[in-house]
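Numbering (numbering that gives the first Met the number 0), first residue to last: 0 to 124.
Note that beta-carbon positions come from the ideal geometry of N, C-alpha and C, so glycine has one too.
Keep in mind the model is a prediction, meaning the values are calculated, not measured.
Below is one structure; the comments refer to it alone.
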Amino acid sequence: MSDRGYLIDTHIVLWDLADDKRISKAHDEILLGGAPKYISVASLWEIAIKSATGKLSMPGDLLETIQASDVMLLPILPQHVLHTATLPRHHGDPFDRLLIAQAQLEGLTLVTADRHFASYDVAIV
Numbered sequence: 000m001s002d003r004g005y006l007i008d009t010h011i012v013l014w015d016l017a018d019d020k021r022i023s024k025a026h027d028e029i030l031l032g033g034a035p036k037y038i039s040v041a042s043l044w045e046i047a048i049k050s051a052t053g054k055l056s057m058p059g060d061l062l063e064t065i066q067a068s069d070v071m072l073l074p075i076l077p078q079h080v081l082h083t084a085t086l087p088r089h090h091g092d093p094f095d096r097l098l099i100a101q102a103q104l105e106g107l108t109l110v111t112a113d114r115h116f117a118s119y120d121v122a123i124v
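Here it is in structure tokens:
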């Protein structure tokens with residue numbers, strides 16, 4: 000359980016919106032629970048880029064759906080971006096690296112099914 004809250008990884012956001020069965024019971028409990036939950040603006044950016052390139056279809060009214068939920072948007076701050084330069088190069092996905100930096104600096108637990116995140120000094124569930 001995170002005292003400060005949870006930062007939801009992009010694929011978990013998409014799986015939740017699609018009622019995808021890949022969401023684990025632990026992740027589902029967090030999404031339905033009352034603890035503070037955040038979606039990074041970086042995730043919206045990643046979804047928009049992948050939608051524009053045809054890699055996925057953007058859920059309709061994504062921003063409106065998020066704003067109507069109990070999830071808060073986490074802005075991208077300069078310190079988040081600069082902190083990515085200090086992270087080990089376990090993998091190169093810039094969006095993942097930004098989420099890791101945000102979680103570290105904001106004291107959030109990352110909600111993810113991505114095994115790469117376990118290589119970093121960040122709380123995950």
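Problem set entry | Contact the stretch 31 to 38 vs the stretch 75 to 92: 3+ CB pairs below 8 Å | no
For this session: Within its chain, find whatever has a CB closer than 6 Å to the CB of glutamine 103; leave out the 5 residues flanking it on each side and keep chain order.
Result: Reading the sequence shown from its first residue, position 104 is the one you call residue 103. Answer for glutamine 103: Val121, listed in chain order.
Exercise. Histidine 115 to threonine 83, Cα distance in whole Å?
Worked result: On the sequence shown, residue 115 is found 116 positions in, with the first residue counted as 1. On the sequence shown, residue 83 is found 84 positions in, with the first residue counted as 1. Their Cα atoms are separated by approximately 15 Å.
Exercise. To which residues of the same chain is alanine 112 closer than 6 Å at the C-beta, ignoring the five residues directly before and after it?
Worked result: Your numbering for residue 112 matches position 113 in the sequence shown. Excluding positions up to five away in sequence, the list is empty.
For this session: Measuring only between beta-carbons, confirm whether glycine 106 sits less than 7 Å from chain C.
Result: The structure shown contains no chain C; it is built from a single protein chain.
Exercise. In angstroms, rounded to a whole number, what distance separates the CA positions of methionine 57 and isoleucine 46?
Worked result: Position 58 of the sequence shown, counted from the first residue, corresponds to residue 57. Position 47 of the sequence shown, counted from the first residue, corresponds to residue 46. Cα-Cα distance, rounded: 7 Å.
Exercise. Taking the C-alpha atoms as reference points, what is the distance between histidine 89 and alanine 41?
Worked result: The residue labelled residue 89 in the question sits at position 90 within the sequence shown. The residue labelled residue 41 in the question sits at position 42 within the sequence shown. Near 19 Å, if we compare the C-alpha coordinates of alanine 41 and histidine 89.
Exercise. Can you list the beta strand (DSSP E) stretches of 3 or more residues lying completely in the stretch 53 to 113, in chain order?
Worked result: 70 to 73 and 108 to 110
For this session: Would you mind sorting methionine 0 into buried or exposed? The rule is 16 or more other CB atoms within 10 Å of its CB.
Result: For this step, residue 0 is matched to residue 1 along the sequence shown. With a pLDDT of only 49 at methionine 0, under 50, the local geometry of the prediction cannot be trusted, and the value read off the model is given with reservation. By the neighbour-count rule (16 or more Cβ atoms within 10 Å), methionine 0 is not buried but exposed.
For this session: Taking all protein chains shown into account, decide if alanine 17 is buried (16 or more other Cβ within 10 angstroms of its Cβ) or exposed.
Result: Residue mapping note: residue 17 aligns to position 18 of the sequence shown, counting from 1. By the 10 Å Cβ count, alanine 17 comes out exposed.
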